[in-house]
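In the working numbering, the protein residues as written are 5 to 141.
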């Protein structure tokens with residue numbers, strides 16, 4: 005399989021590769037920013053940018069990005085990739101959004117986002133939340 009190097013989805017995939025696989029946050033952020041320029045309404049990329057900024061301890065940037073953009077994009081994602089519409093991408097995205105809500109202090113939103121996930125078959129449980137409330141993303 006050969007990737008198209010200029011596709012925004014390719015840049016997002018490379019960003020995740022550097023974020024999760026190598027913890028090279030500067031490189032991951034550059035890739036996510038390129039993807040975000042071409043996919044401005046993709047909530048997963050908006051969240052990824054905020055999470056990379058969080059890892060880089062750029063708290064003001066991270067909080068501003070996560071709180072303003074990710075919350076706004078989260079509403080779009082809820083509509084576009086809800087659990088009822090997308091059983092594969094919906095639950096992990098909802099769990100990530102709940103973690104973002106927790107990080108930015110919107111605990112009520114996090115609880116509302118997590119409630120339906122506790123009965124979803126992808127593995128999120130109350131026990132997991134107890135031991136890892138904000139995630140290890």
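For glycine and all other residues, C-beta sits at the position ideal for the given N, C-alpha and C.
The segment 21 to 64 contains, as complete alpha helix (DSSP H) runs of 4+ residues, the segments 29 to 42, 47 to 59 (chain order). Rounded to the nearest whole angstrom, the CA to CA distance from residue 18 to residue 62 is 21 Å. For residue 16 against residue 50, the beta-carbon gap comes to about 11 Å, at or over 8 Å, which does not count as contact. Around the beta carbon of residue 47, a 10 Å sphere encloses 16 or more other beta carbons of the protein chains shown; the residue is thus reported as buried.
Residue 118 holds the alpha-carbon nearest to the alpha-carbon of residue 103 among 118, 31, 64.
Residue range 111 to 118 is occupied by the alpha helix (DSSP H) that includes residue 115.
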